[in-house]
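Please read the structure below before turning to the comments.
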Amino acid sequence: MKRRHFLLPLALPVLAASFLVQCGPSSDGGSGKKPRVAYIGNAIAPFWTIAEKGARKAGAEYGVEVEVRMPQDGATDQKRMVEELLTRGVSGIAFSPADPKNQLDLMKTMAKQTHLITQDSDAPESPRLCFVGMDNYQAGRLCGKLIKEAMPDGGSVMFFVGRAGQLNAKERRQGCVDELLGRPEGERHDDPPDAEVKGEKYTVLGTRTDEVDFAKAKSNVQDTITRHPEIGCLVGLFSYNTPKIYEAVKEAGKFGKVKIVGFDEEDDTLRGIQEGNIYATVVQNPYQYGHESVRILAALAKGDKSVIPASKFVEVPAKAVKKGDVDAFWAELKKLVQ
Amino acid sequence: MKKNLGISLLLLLVCVATALGNPNFLIPYNAENLLNWVSLYAIIGVGVSFVIITGGIDLSIGSVVGLVGTMLAWLLTKKGWSVPAALLVTVILSAVIGLVHGLLITKVRLQPFVVTLCGLLIYRGVARWLVHDGTLGFGTAYDGLRWFSNGRIDLPFLGDYRLPVPLVILTVLAGLAAVFLNKTVWGRHLFALGRSEEAARYSGIRTDRLVIVSYVLCSTFAGIGGILFALDVNTVQPASQGNFYELYAIAAAVLGGCSLRGGEGGILGVIIGTALIRILINSINILGIATQLEFVILGVVILLSAITDEVIRRNRGRRQLKTATPTG
Chain A
266 MKRRHFLLPL ALPVLAASFL VQCGPSSDGG SGKKPRVAYI GNAIAPFWTI
316 AEKGARKAGA EYGVEVEVRM PQDGATDQKR MVEELLTRGV SGIAFSPADP
366 KNQLDLMKTM AKQTHLITQD SDAPESPRLC FVGMDNYQAG RLCGKLIKEA
416 MPDGGSVMFF VGRAGQLNAK ERRQGCVDEL LGRPEGERHD DPPDAEVKGE
466 KYTVLGTRTD EVDFAKAKSN VQDTITRHPE IGCLVGLFSY NTPKIYEAVK
516 EAGKFGKVKI VGFDEEDDTL RGIQEGNIYA TVVQNPYQYG HESVRILAAL
566 AKGDKSVIPA SKFVEVPAKA VKKGDVDAFW AELKKLVQ
Chain B
-7 MKKNLGISLL LLLVCVATAL GNPNFLIPYN AENLLNWVSL YAIIGVGVSF
43 VIITGGIDLS IGSVVGLVGT MLAWLLTKKG WSVPAALLVT VILSAVIGLV
93 HGLLITKVRL QPFVVTLCGL LIYRGVARWL VHDGTLGFGT AYDGLRWFSN
143 GRIDLPFLGD YRLPVPLVIL TVLAGLAAVF LNKTVWGRHL FALGRSEEAA
193 RYSGIRTDRL VIVSYVLCST FAGIGGILFA LDVNTVQPAS QGNFYELYAI
243 AAAVLGGCSL RGGEGGILGV IIGTALIRIL INSINILGIA TQLEFVILGV
293 VILLSAITDE VIRRNRGRRQ LKTATPTG
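Read top to bottom, the protein sequences are chains A and B. Throughout, my numbering is defined as the position within the first sequence, counted from one, plus 265. Position 140 of the second sequence, counted from 1, bears residue number 132 in my numbering, the numbering being contiguous throughout.
Below you can see the structure in the form of structure tokens.
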């Protein structure tokens, strides 16, 4: 009989865990009649936490229940989440396709069963009713202008990103490259991410990817500094890349010699701008993505189609945050997410 | 020692080739970074070698790295715990995880693969649930604590080269592990148990207890690695922190002469194996080889080393058989 006792220490953690789960965050209030809409991101990141806040705020304002889903594994998880949501029944979905070209069937299914809008990342060939977001290519152009400001005499540039193949990364990068090489506004090239592109004053050395492994994101920057000690500017295309660039440049003692420009508004990025060690960041407005998406879905759920513009594009433009305006921007951001 | 000769030569070869290809390989900045990363990955590699020597496997290492990192950031920045308390709790948590693995494997007689695969899922999920998938950063408030993961100690006579603090931590941990494995009776028992659990049990070795100890050590080392990884990158994303690190650790152990069948392995070999993996990655980056080929090169090197190992073993076995067979 003595042998049975070992089960007790095993059972306790399980019990404790199930107790914890009971006290955990509850996913919905389950209040009867309100229409239910869904907001689906394309990764797990602070960016989407802010978007979620905007979505929930709009949910409260416009009287809809909001289901928020963030996939860990990009397109694969999204498919499962969409299927679950459609089974449960939702009157609208705001979707950020992780892989727009290959998720067309999924989006067609969604559009057939409910109101589908895209946000953050668009899929123009899909039957979505409209797109809420910014133009990533234009944001890339803006980033290119900032690099020129930071490095007016020219120099070399390296990009860092989680997944180089993802559409928003591609567009940001291309906008940036076109701007640095002085290509005219209407001209849109398609340079492969790992190729070196030489312009008159600026040279784009390539793109380093890390598959969203933070340790790799940092070591990629270190290896770049080793390989190109004279590099002029490091650019972070995904939100977490810029803080990792900051870390590595700091440890290399190269603040001032190597300029940093990035995207999005992570705390460490904003702090770096305050210190003057990061030149600038291009920010989207994820809070507004969430808010606008849910506002549109709520109206659609109530039969109001006037919220869809003729262009099918609800623009939430990108803007640059530099040392001069970082304090005001940060204060506003903190207020928004409270 | 003989066993590590091949891989040590390979390591040297890669170093020389890289240094010739890009002299910046040897500058203090790169050397320090490399040693820093080697130390962090080798700590979890040393941990898993205990389990591999017993013939087991631990697939949950990456998730333990993720959970411990998340927990540390959460306790410090969200719960306002003191640094010693948070460190203590996270290390104890990882030891308890190992204890549960060991008990499930020895007492409930579940296969290590199954137990630790479930661990991989559970700890990752708990980490994500704990902080609602949010990214937690240490900010600038813990720069002192971060010395453990990215500090540098000035050395006399070595000019600009400084000693990364994680290397010191690795040296201490690996030293203890090597003494345990090679100089104590438990270490000898561990090898015996890996060769044949039944034979070891019939010789009076308490094999269950040893297996449990090996899993506790493995998870504890993973936990210490997890703390250092979290501090080094300064932000923890529970969904991705430490993903697949178990595979790096297992690959390093195999490269370093551990046999997945159990009964073989050594601490020095694991460290050299880790160094080879990290230096290959560094080399690919600073030589400007297409980074998409990174995994290809890693896979090929590990495969070649496994093949070489097997051929050598077979030859040795044949030779021993020859000398043992009476010829007259």
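In this text, a Cβ means the ideal position worked out from N, Cα and C, and glycines have one as well.
Positions of the alpha helix (DSSP H) runs, each at least 4 residues long and wholly inside the stretch 133 to 171 of chain B, are given as 139 to 142 in order along the chain.
Within chain A, no C-beta atom comes less than 8 Å from the C-beta of Ser195/B; the nearest is roughly 23 Å away. Chain B places no beta carbon closer than 8 Å to that of Asp590/A, leaving this residue out of the contacts.
Residue pairing by DSSP places Phe578/A opposite Phe396/A in a beta bridge. For Arg438/A, no CB of chain B lies under 8 Å from its own CB, so it is not counted at the interface with that chain. In this chain, His380/A is not harboured by any alpha helix (DSSP H); it is covered by the beta strand (DSSP E) spanning His380 to Gln384. A direct Cα-Cα distance of roughly 5 Å separates Arg138/B from Leu223/B. Within the stretch 30 to 63 of chain B, no residue places its CB atom closer than 7 Å to a CB of chain A.
Interface annotation, Ala310/A: in contact with chain B, CB-CB separation under 8 Å.
For Lys481/A, the uninterrupted alpha helix (DSSP H) segment begins and ends at Phe479 to Arg492. The C-beta of Ser86/B comes no closer than 8 Å to any C-beta of chain A. By the C-beta criterion, the stretch 371 to 378 of chain A is judged to be in contact with the stretch 392 to 402 of chain A, since at least 3 inter-stretch pairs fall below 8 Å. In terms of Cβ geometry, Gln431/A and Gly405/A do not form a close pair [threshold 8 Å]. DSSP places Gly90/B within a helical segment (H, G or I) once states are collapsed to three.
By the 16-neighbour rule on beta-carbons within 10 angstroms, Lys298/A is exposed. Considering only beta carbons, the part of the stretch 129 to 163 of chain B lying closer than 8 Å to chain A consists of Gly129, Gly131, Thr132 and Asn142, in chain order. Against chain A, a Cβ distance below 8 Å from Val225/B picks out Phe479, Ala480, Ala482, Lys483, Lys509 and Glu512. In its chain, beyond the 5 residues on either side, Glu530 have a beta carbon closer than 7 Å to the beta carbon of Leu598/A. Considering only Arg270/B, Gly257/B, Val288/B and Ile89/B, the residue with the shortest C-alpha distance to Asp301/B is Gly257/B.
Below the 7 Å Cβ cutoff, chain B contributes Asn142 as neighbours of Glu516/A, in chain order. When 8 Å is used as the limit between beta carbons, Met335/A is near these residues of chain B: Asp125, in chain order. Scanning Tyr505/A, Val559/A, Gly447/A and Asn307/A for the CA closest to the CA of Lys318/A turns up Val559/A. Any Cβ of chain A closer than 8 Å to the Cβ of Gly280/B would place that residue at the interface, and such an atom is present. In terms of beta-carbon proximity, Tyr402/A stays away from the interface with chain B, with every pair separated by 8 Å or more. Of all residues in the stretch 225 to 240 of chain B, only Val225, Asn226, Thr227, Val228, Gln229, Pro230, Ala231, Ser232, Gln233, Gly234, Asn235, Phe236 and Tyr237 place a beta-carbon less than 9 Å from a beta-carbon of chain A. Tyr467/A is positioned such that its CB atom lies no closer than 8 Å to that of Gly537/A. A Cβ-Cβ separation of about 5 Å places Val228/B in contact with Ala65/B under the 8 Å criterion.
Not a single C-beta of chain B is nearer than 8 Å to the C-beta of Ile543/A. A check of alpha carbon separations from Ser297/B across Arg253/B, Arg270/B and Gly248/B identifies Gly248/B as the nearest.
Judged by their CB atoms, Ala169/B and Ile259/B are nearer to each other than the 8 Å cut-off. Pairing Ile49/B with Thr132/B gives a Cβ-Cβ distance that is not under 8 Å. A straight-line Cα-Cα distance of about 8 Å links Glu452/A and Asp443/A. Annotation: Asn174/B to Phe42/B spans about 12 Å, alpha carbon to alpha carbon. Contact between Gly58/B and Tyr115/B holds, since their C-beta atoms are separated by about 7 Å, short of 8 Å. In this structure, Cys210/B sits away from Gly111/B, with a CB-CB distance that is not shorter than 8 Å. Here DSSP, grouped into helix, strand and coil, assigns Tyr207/B to helix.
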